[in-house]
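In terms of full-length UniProt numbering, the first sequence opens at residue 1 and continues consecutively. A virtual CB, placed ideally from N, CA and C, is assigned to each residue, including glycine. For clarity, every value in this text was computed on a predicted model and none was experimentally measured. A short write-up of the structure that comes next.
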Amino acid sequence: MPELPEVEVVRAGLEPAVSGARVRHVEVVDDRALTRHDGPAEDFVERLTGRTIAAAVRRGKFMWFPLVPERVGDRPEALVTHLGMSGQVLLGRGREVAKHRRILIDVQPAGTDRDGTPEEPVELEFVDQRTFGSMAIDTMVPTVDGAPAGSAGAVDERDPDAAWRRSIPTQVSHIARDPLDPAFDDDRFVAMARKRSSGIKRVLLDQGVVSGIGNIYADESLWAAKLHFDRPAERLPRADVHRLLAEVRSVLARALEDGGTSFDAQYVNVNGQSGYFSQRLAVYGQQGQPCPRCGTEIVREAFMNRSSHRCPVCQPAPRQRRR
DNA sequence: ACCACCACCTGAGTGC
DNA sequence: TGCACTCAGGTGGTGG
Numbered sequence: 001m002p003e004l005p006e007v008e009v010v011r012a013g014l015e016p017a018v019s020g021a022r023v024r025h026v027e028v029v030d031d032r033a034l035t036r037h038d039g040p041a042e043d044f045v046e047r048l049t050g051r052t053i054a055a056a057v058r059r060g061k062f063m064w065f066p067l068v069p070e071r072v073g074d075r076p077e078a079l080v081t082h083l084g085m086s087g088q089v090l091l092g093r094g095r096e097v098a099k100h101r102r103i104l105i106d107v108q109p110a111g112t113d114r115d116g117t118p119e120e121p122v123e124l125e126f127v128d129q130r131t132f133g134s135m136a137i138d139t140m141v142p143t144v145d146g147a148p149a150g151s152a153g154a155v156d157e158r159d160p161d162a163a164w165r166r167s168i169p170t171q172v173s174h175i176a177r178d179p180l181d182p183a184f185d186d187d188r189f190v191a192m193a194r195k196r197s198s199g200i201k202r203v204l205l206d207q208g209v210v211s212g213i214g215n216i217y218a219d220e221s222l223w224a225a226k227l228h229f230d231r232p233a234e235r236l237p238r239a240d241v242h243r244l245l246a247e248v249r250s251v252l253a254r255a256l257e258d259g260g261t262s263f264d265a266q267y268v269n270v271n272g273q274s275g276y277f278s279q280r281l282a283v284y285g286q287q288g289q290p291c292p293r294c295g296t297e298i299v300r301e302a303f304m305n306r307s308s309h310r311c312p313v314c315q316p317a318p319r320q321r322r323r
C-alpha cells in the first residue's frame, strides 16, 4: 500500500496494537526484507526481541516504531518500515502464512481487558511480493527544525513531549516533511520547487522536496490544479505552486478518508481490507474515459519509465522551451 | 548541486 | 501451452 494515504491507513491500524507493546519473538523468513538493515538477520532479531515499542510514527511513505531505550543514555533506536511497491503489514494471530511472508513479529500488547487480564499476543506479518519494501533497526537523530518528526496519531495528544517525538531514524532524515504534517513549511516548498528546472511532476515525486506523493496522487493533484506534468517547475508562477499544494492536500485527505486506493488485494489495511478511493480517481488509470470536468478522453503517456495520465484539454502540453 | 536514468524484484496480462 | 514482452502504487545509487 504505498503512497501516503495507504501508509497512514497501515500506521493508524497498527498504532493501538503496538503502542506500549513488548516484542516477544521475531522471525525473518526472507533476508531480502532487510535490505535497509545494516547487519545480518541475527542482528535484526537480537536488537528487536524483548524491546518495548513506544508508538507508530509516519513521515511521507516511511513508518517507524520508536523503541523504548533499555538503559539511560542509550542511542535512541526505531524499527523502520517501508512498504516499497507491494508491502503490507497484517495484524492477527495464527493467520494462514501469506505466500510472500518476509518477517513475523510477535508482540504482547500493553492493554488489558475489562476484567484486568492481559490482551492476547498479536502477530505483525510483513508481506511483500516484490521485495522493494523492507524493515530495519536504525538509530535516531534529532529533527533539524526541532519539531515532531512525523504523525503519531492519538499519541500526539497523549504524550506530546516524549523524547522520541523529536527524533527521526537516520535513514529517514533526508525525507522532506509531507503536506499533512503541521510543521510542513509551504513557503519553503514553493521556493524549493521553483528552483527546479525539471517538470513539476518530477518535483512532486522527489521525496526530498515533499514526501508522501507517488504516481497516483501526483497525477490526480496535477489534474485538479490543471497543470501538465512537464511544465518546468522553475517557470511556474508562485500562486500556481501554492494552488497545486492545496490540491495535493485535498487529494491526499480525501483518499485517506476513503481508506486509500486499492486496485487489488495487494493494497490493504492491517485487516486485509481494501480502500475505496479508486472509485474517485479522475485520471489515474482512466485512459479512454471522459474527463470528469470537461468530458475529453483521458490519455496515458510514457513518463520516467512509468506513465502519466492527464486530460489533454484541462492540462495542455507546455510550449516547447525556446533557447 | 542538480538531473536523468537504471537497477532492484515478482506476478499478471497480452500477443504471437 | 509456452514464450517473450510489458506493466505495476518506490527508492537509491550512478553517472553526466
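**Q.** Proximal residues to residue 294 (C-beta, below 8 Å), its chain only, five neighbours per side dropped
**A.** 311, 313, 314
Problem - residue 196 - DSSP class collapsed to helix/strand/coil - result: coil
Backbone secondary structure at residue 104 - three-state DSSP: strand
Practice task
List the DSSP bridge partners of residue 307.
Solution key: 302
With a threshold of 8 Å, are at least 3 pairs of Cβ atoms found where one atom belongs to the segment 212-231 and the other to the segment 146-164?
Segment contact: the segment 212-231 against the segment 146-164, fewer than three CB-CB distances shorter than 8 Å; contact not assigned.
**Asked** Residues in its own chain within less than 6 Å of residue 266 by CB, not counting five upstream and five downstream?
**Response** Same-chain partners within the cutoff: 86.
Margin query: Quick check: the Cα distance between residue 304 and residue 199, rounded to an integer number of angstroms?
Written below: 11 Å
Take residue 82 as the anchor and find which of 196, 190, 7, 202 has the nearest alpha-carbon.
Selected option, being the one with the closest Cα: 7.
Checklist line | Uninterrupted beta strand (DSSP E) stretches inside the segment 106-169 (no shorter than 3 residues) | finding: Runs of beta strand (DSSP E) with 3 or more residues, each lying fully within the segment 106-169, are found at 122-128, 134-142, 167-169, listed in chain order.
ask   = At which residue ranges does the segment 205-284 contain complete alpha helix (DSSP H) runs of 4 or more residues, listed in the order of the chain?
value = 215-224, 238-257
Check: According to DSSP, which residues form a beta bridge with residue 27?
Finding: 104
Quiz item: Going by other Cβ atoms of all chains shown within 10 Å of its Cβ, with 16 needed for buried, is residue 277 buried or exposed?
Solution: Classification for residue 277: buried.
Other residues of its chain near residue 307: CB distance less than 6 Å, five sequence neighbours each side excluded:
300
Review point. The alpha helix (DSSP H) with residue 92 in it runs from where to where?
Key: No alpha helix (DSSP H) contains residue 92, which is instead part of the beta strand (DSSP E) from 87-92.
### Query
Roughly how many angstroms lie between the CA atoms of residue 80 and residue 10, to the nearest whole one?
14 Å
**Prompt:** Going by C-alpha distance, which of 287, 46, 124, 116 is nearest residue 56?
**Reply:** 124
Quiz item: Where does residue 65 sit, in a helix, a strand or coil, going by DSSP?
Solution: strand
Q | Backbone secondary structure at residue 78 - three-state DSSP | A | Residue 78 falls in the strand class under three-state DSSP.
Taking the C-alpha atoms as reference points, what is the distance between residue 14 and residue 319? 47 Å
Buried or exposed for residue 279, going by 16 or more other Cβ atoms inside 10 Å?
Residue 279 should be labelled exposed.
From residue 71 to residue 100, what distance separates their C-alpha atoms? 36 Å
Which of the three DSSP states is assigned to residue 51 in this structure?
coil
Practice prompt. Grab the span of the beta strand (DSSP E) containing residue 57 for me, first residue to last.
Written response: 57-59
**Item:** residue 95 versus residue 316 - alpha carbon distance
**Value:** 50 Å
How is residue 316 classed by DSSP in three states: helix, strand or coil?
coil
Roughly how many angstroms lie between the CA atoms of residue 103 and residue 137, to the nearest whole one?
-> 13 Å
**Message:** Classify residue 169: buried if its beta carbon has 16 or more other beta carbons within 10 angstroms, exposed otherwise.
**Reply:** So residue 169 counts as buried.
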